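Trainee:
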Amino acid sequence: MLGHLQHDMETHASLPDELLLNTIFDYFEHFSERVQSKPREILLYQRLRQRLTQPLPELDELEHDYLSAHESLQRLRVLLRHCMEYWPQGCDGFANALKAFIEVLRQHIHQEEHTIIPAARTALTPEDWDQILHAKDQYNDPLFGERVRDEFRELRHRIIQITPEHLGGFGMIHSERMSAPHASAEMLQVRGLTSSYGRIQVLHEIDLNIRAGEIVSLVGANGAGKSTLLMTLSGLQPVDHGELRFEGEDLRRMPSHTRVAKGIVQVPEGRQVFRDMSVYDNLCLGAYAHAKKRSEINYEIERVYAKFPILRQKHRELAGMLSGGQQQMLAIGRALMAKPRLLLLDEPSMGLAPLIVEEIFHIIRELKNEGITIFLVEQNASQALALADRGYVLEVGRIVLEGSGRSLLNNEQVRSAYLGL
Ligand SMILES: Nc1ncnc2c1ncn2[C@@H]1O[C@H](COP(=O)(O)OP(=O)(O)O)[C@@H](O)[C@H]1O
Ligand SMILES: [Mg+2]
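Offset between the sequence shown (1-based) and my numbering: plus 4.
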């Protein structure tokens, strides 16, 4: 499939399908995340190691492939964005990297089929196979586990939907570019920003920038000033000094509702839905900044319902009766009603059960894939940084670290202070 796309790109010199490619990368990424750092937990590999009398060097190679997949995919995404921006001149890097990635993948699959599986057929006992195939759920095995497979179904479904018909998909039409050309231009620029409550200065000389299409995470302990910073962006908290620009335009004197109309939309901490109003009415309120006609509002609401079917199901219920996770979906749905271009999320995972947190992060990733730029504030540093293109660490009102999500996750300081490692 990737091979076909790459061939298409080469022969027709056509603009690559950014959404489709990124969705396919998501698929591999999800796989590599699942297997990452614990390829040894693939039960098939594990058993094979135990049973083989002589070591099989291919096993090490295959395990290594799993570990390096993440790096390769990150690189592919960066090169793809560059390619979209500077097409057609800037696409060689992407084309070559994609070719190399496909080659490694082909070899990997070939080796698995021709070396590992035959070796396993002879070396493993029927009991091993039994365990591998039946203990799936318990083991949460990345290759065979049912639960893990379920996670891929959704991704596969999306890929099939948007794959062109001549490649065997449904060819659902979508905009070819996820991001506007020159998307990596700065969207939000913050320079030397300070802010105070009365005499107490809470934010000190904040420098930060967000490019269109990115997920940027801001992590920091309780009381560091994360919410204050978000509120200066949405206009609910005054700026003392410094620069604040959205697509080049000075925000400092722009009222909050004008910022919403321009696409800067905040989902506040603690969800803050209107508990005594219905789900439907809560959603309607989100549209106040732009939609005036009932038909327009209903159209937007349908889009939100399509994304969060539970909200459709409960549209008449009072928001206060929803579970925490559902309220968070409602809060995000309400923000989507305002057609955000830069979505500010203040601790969306706060107080939610781990499975629901996963779901919320999944939704955030989806929003990014739909082209919404995301600024995510979290105390849950590990997941927020894992999701982020780039991240910042805020300590007592100062940015103390910044970098790619991955580099921050690997940073010793971050690991000990925020990940408890
Ligand atoms: N309305 C307020 N009045 C006075 N101080 C406040 C107010 N809101 C927050 N603060 C203080 O500002 C600091 C940063 O708070 P906040 O931005 O809410 O941090 P975070 O979101 O990172 O937990 C804290 O010391 C907090 O006590
Ligand atoms: Mg806060």
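Heads up, the beta-carbon is just placed ideally off N, CA and C, and yes, glycines get one too. All values derive from a computational prediction rather than experimental measurement.
What do you reckon, is the C-beta of TYR309 under 7 Å from a heavy atom of ligand 1?
Mentor: no
Trainee: Does the distance from the C-beta atom of MET191 to that of PHE250 stay below 8 Å?
Mentor: yes
Trainee: Hey, would you say GLY387 sits closer than 8 Å to VAL361, going by beta carbons?
Mentor: According to the sequence as given, residue 387 is Gln; it is not Gly. Contact: yes.
Trainee: Cβ atoms of GLU218 and ARG394: under 8 Å apart, would you say?
Mentor: yes
Trainee: In the DSSP output, which residue or residues are listed as bridge partners for ASN213?
Mentor: Its beta-bridge partners are GLN193.
Trainee: Please classify LYS297 as buried or exposed, where buried requires at least 16 neighbouring CB atoms within 10 angstroms.
Mentor: Note on LYS297: under 16 other CB atoms within 10 angstroms of its CB, so exposed under the neighbour-count rule.
Trainee: Relative to the alpha-carbon of LYS266, which residue among GLU253, VAL277, GLU273 has its alpha-carbon at the smallest distance?
Mentor: GLU253
Trainee: Within a Cβ cutoff of 7 Å, which residues of the same chain sit near PRO260, ignoring the five residues on either side of it in sequence?
Mentor: Here residue 260 is Ser; the residue named in the question, Pro, does not match the sequence. So the qualifying residues of the chain are SER238, GLY239, LEU240.
Trainee: Going by DSSP, name the residue or residues bridged to ILE403.
Mentor: LEU398
Trainee: Using a beta-carbon distance below 8 Å, is LEU207 in contact with chain B?
Mentor: Given the protein chain composition of this structure (a single chain), no chain B is represented.
Trainee: Looking only at its own chain, which residues have a Cβ that is under 6 Å from the Cβ of LEU425, when we skip the five neighbours before and after it?
Mentor: ARG419
Trainee: Compute the Euclidean distance between the alpha carbons of LEU128 and GLY7, then round it to the nearest angstrom.
Mentor: Each residue's alpha carbon lies about 33 Å from the other.
Trainee: Kindly indicate the opening and closing residues of the beta strand (DSSP E) around LEU315.
Mentor: Here LEU315 belongs to no beta strand (DSSP E); instead the alpha helix (DSSP H) covers 313-317.
Trainee: Examine the Cβ distances between the segment 300-309 and the segment 333-353 and report whether three or more of them are shorter than 8 Å.
Mentor: yes
Trainee: Is GLY227 near ligand 1, going by C-beta to nearest heavy atom under 7 Å?
Mentor: yes
Trainee: Quick check for students: name the residue ranges of the beta strand (DSSP E) that lie wholly in the segment 230-302, counting only runs of 3 or more.
Mentor: 245-250, 268-271
Trainee: Just to check, is the beta-carbon of LYS372 closer than 7 Å to a non-hydrogen atom of ligand 2?
Mentor: Every heavy atom of ligand 2 is 7 Å or more from the Cβ of LYS372, so no.
Trainee: Looking at the structure shown, is TYR90 part of a helix, part of a strand, or coil, going by DSSP?
Mentor: coil
Trainee: From ALA101, LEU389, ASN213, pick the residue whose C-alpha is nearest to that of ARG426; which is it?
Mentor: An answer regarding residue 426 cannot be provided, because it is not within the stretch 5 to 425 covered by the chain.
Trainee: Just checking ILE403 against ligand 1 - is the residue's beta carbon closer than 7 Å to any of the ligand's heavy atoms?
Mentor: Every heavy atom of ligand 1 is 7 Å or more from the Cβ of ILE403, so no.
Trainee: State the Cα-Cα distance for the pair GLU107 and GLN10, rounded to the nearest angstrom.
Mentor: 12 Å
Trainee: Looking only at its chain, what residues have a beta carbon closer than 7 Å to the beta carbon of GLN417, apart from the 5 residues adjacent to it on each side?
Mentor: LEU405
Trainee: For ARG369 and LEU391, I'd like the C-alpha separation in whole angstroms.
Mentor: 7 Å
Trainee: Excluding the 5 residues flanking ALA187 on each side, which residues of the same chain have their C-beta closer than 6 Å to its C-beta?
Mentor: Because the pLDDT of ALA187 is 44, which lies under 50, any placement of that residue in the model is unreliable, and the question is left without a value.
Trainee: List the residues that DSSP assigns as beta-bridge partners of THR27.
Mentor: The partner list for THR27 (beta bridge, DSSP) is empty, contrary to what the question assumes.
Trainee: For the beta strand (DSSP E) that contains THR377, what are its first and last residues?
Mentor: 377-382
Trainee: Could you spell out where the alpha helix (DSSP H) holding SER420 opens and where it closes?
Mentor: 416-422
Trainee: For LEU371, I'd like the list of residues in its chain whose CB is within less than 7 Å of its CB, leaving aside the five on either flank, ordered along the chain.
Mentor: LEU347, ILE378
Trainee: Thinking LEU380 and SER221 are a contact (beta carbons under 8 Å), I'd like their distance in whole angstroms, please.
Mentor: Between LEU380 and SER221 a beta carbon distance of about 5 Å is seen, short of the 8 Å cut, so the two are scored as contacting.
Trainee: Can you tell which of SER408, THR236, LEU359, LEU398 has its C-alpha closest to the C-alpha of MET258?
Mentor: THR236
Trainee: Give, in chain order, every unbroken run of the beta strand (DSSP E) that is at least 3 residues long and sits entirely within the segment 333-371.
Mentor: 346-350
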